[in-house]
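To start, the structure itself, in structure tokens.
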Amino acid sequence: MREEVLTSPAIWFCLVCYRCYAHCPQNVNFPDLMRVLRYLAIKGKYVTADIIDRINEIDKRLQILRHDLIKYDVTRQKR
Ligand code: SF4
Numbered sequence: 021m022r023e024e025v026l027t028s029p030a031i032w033f034c035l036v037c038y039r040c041y042a043h044c045p046q047n048v049n050f051p052d053l054m055r056v057l058r059y060l061a062i063k064g065k066y067v068t069a070d071i072i073d074r075i076n077e078i079d080k081r082l083q084i085l086r087h088d089l090i091k092y093d094v095t096r097q098k099r
């Protein structure tokens, strides 16, 4: 199922936040599995450079959004 897995958009959904790993009773390191699958997808040219650029842009926007939300929330609590 190599091609089916490495072409699936599902491997890009994980935020690699490690919450599942921190709570997994079986110590399954799911985020690192996702990282390896992404590496294999890129290395095997299962994803185009355009898709990687778009995913990087989404990650960048999410970081900005997270920064702004935390800044807003912390500032609001100080009042
Ligand atoms: S690391 Fe685990 S909890 Fe975090 S987004 Fe990925 S699958 Fe979900």
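Just so you know, we're using my numbering here: the sequence shown kicks off at 21 and counts up by one.
Even glycine gets a Cβ: it sits at the ideal position worked out from N, Cα and C.
Just so it is clear, the structure is predicted and the values come from calculations on it, not from any experiment.
From I36 to S28, what does the alpha carbon distance come to, in whole angstroms? Taking the sequence shown and counting its residues from 1, one reaches residue 36 at position 16. Taking the sequence shown and counting its residues from 1, one reaches residue 28 at position 8. The question names Ile, but residue 36 in the sequence shown is Val. Approximately 17 angstroms between the Cα atoms of the pair.
Take V67 and list the residues in its own chain whose beta-carbon comes closer than 6 angstroms to its own, dropping the five residues that flank it on each side. For the purposes of this step, residue 67 is identified with residue 47 of the sequence shown, where counting begins at 1. Correct list, in chain order: A61.
Chain-order list of residues whose beta-carbon lies under 8 angstroms from that of F50 (same chain, five-residue window excluded): In the sequence shown, the residue the question calls residue 50 occupies position 30. Excluding positions up to five away in sequence, the list reads C34, C40, Y41 and C44.
Between E23 and I84, what straight-line distance do the alpha-carbon atoms span, to the nearest angstrom? Position 3 of the sequence shown holds residue 23. Position 64 of the sequence shown holds residue 84. For E23 and I84, the distance between alpha carbons rounds to 33 angstroms.
With 16 other Cβ atoms within 10 Å as the buried cut-off, status of I31: Along the sequence shown, one-based indexing puts residue 31 at 11. When all chains shown are included, I31 counts as buried.
In this structure, how does DSSP classify K65 when only helix, strand and coil are distinguished? The residue labelled residue 65 in the question sits at position 45 within the sequence shown. The answer is coil: DSSP assigns K65 none of H, G, I, E or B.
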